[in-house]
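Below is one structure, written out as structure tokens, with a few remarks after it.
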Amino acid sequence: MQAMPGRSNGGWISPAIPTIANCVLALLWIFSALGGWGDAAFCGDDDAHDPGCGAAFKDAVLFSAPVAALAAVLAVAAWAMRAVRHYPGRLDAALTIAAIVWVLAEGVLFVGGYLAQP
């Protein structure tokens, strides 16, 4: 296997892999925060839904949203900025940081949902 230019260790991972990971993490956050998955998981479904818990979970979504927005901006900027996109090491770092921030956004949502439970 030939090393990719700009890679010092000789290994190469397609940038599609961290890009797909960022997209999957974004979808997970969207479904959990906005699609009702998180509310149903922490506060119950239909007749068993706790309205107080639901209101507290909405607060968790509000705290998590800026973190998710930062992750989205980082992931999009990694591909939009020529100074990042054309250097594999920078692209890897930017996409990795974006994925870590997505995980942080999910963590904020999870902790907030856990605290919202009655």
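Counting in the working numbering, the sequence shown runs from 6 upward without gaps.
Don't be surprised by glycine CBs; every beta carbon is placed ideally from N, CA and C.
Query: Quick one: what's got a C-beta closer than 6 Å to Ala21's C-beta in the same chain, skipping five residues either side?; Result: none
Query: Can you list, in chain order, the residues of its chain with a C-beta nearer than 6 Å to that of Trp107? Leave out the 5 residues immediately preceding and following it.; Result: Leu30 and Ala76
Query: I'd like the ranges of any alpha helix (DSSP H) spanning at least 4 consecutive residues and lying wholly in the stretch 22-70.; Result: 42-48
Query: Between Asp51 and Ser69, what straight-line distance do the alpha-carbon atoms span, to the nearest angstrom?; Result: 24 Å
Query: Note down the Cα distance separating Cys58 from Ala104, rounded to an integer number of angstroms.; Result: 28 Å
Query: I'd like to know if the stretch 36-48 and the stretch 112-123 are in contact, where contact means that at least 3 CB-CB pairs between them fall below 8 Å.; Result: yes
Query: Sorted by chain position, which residues of the same chain lie with C-beta nearer than 6 Å to Lys63's C-beta, five sequence neighbours on each side aside?; Result: none
Query: Might you give, ordered along the chain, the residues of its own chain that have their beta carbon closer than 7 Å to the beta carbon of Gly49, omitting 5 neighbours on each side?; Result: Asp55
Query: To the nearest angstrom, report how far apart Tyr119 and Leu32 are at their CA atoms.; Result: 20 Å
Query: Determine, for Ala65, whether the minimum Cβ-Cβ distance to residues of chain B falls below 8 Å.; Result: This model lacks chain B altogether, as it is built from one protein chain only.
Query: Excluding the five sequence neighbours on either side, which residues of its own chain have a C-beta within less than 6 Å of the C-beta of Val66, listed in chain order?; Result: Ala38
Query: Are Ala61 and Ala121 close, meaning C-beta to C-beta below 8 Å?; Result: yes
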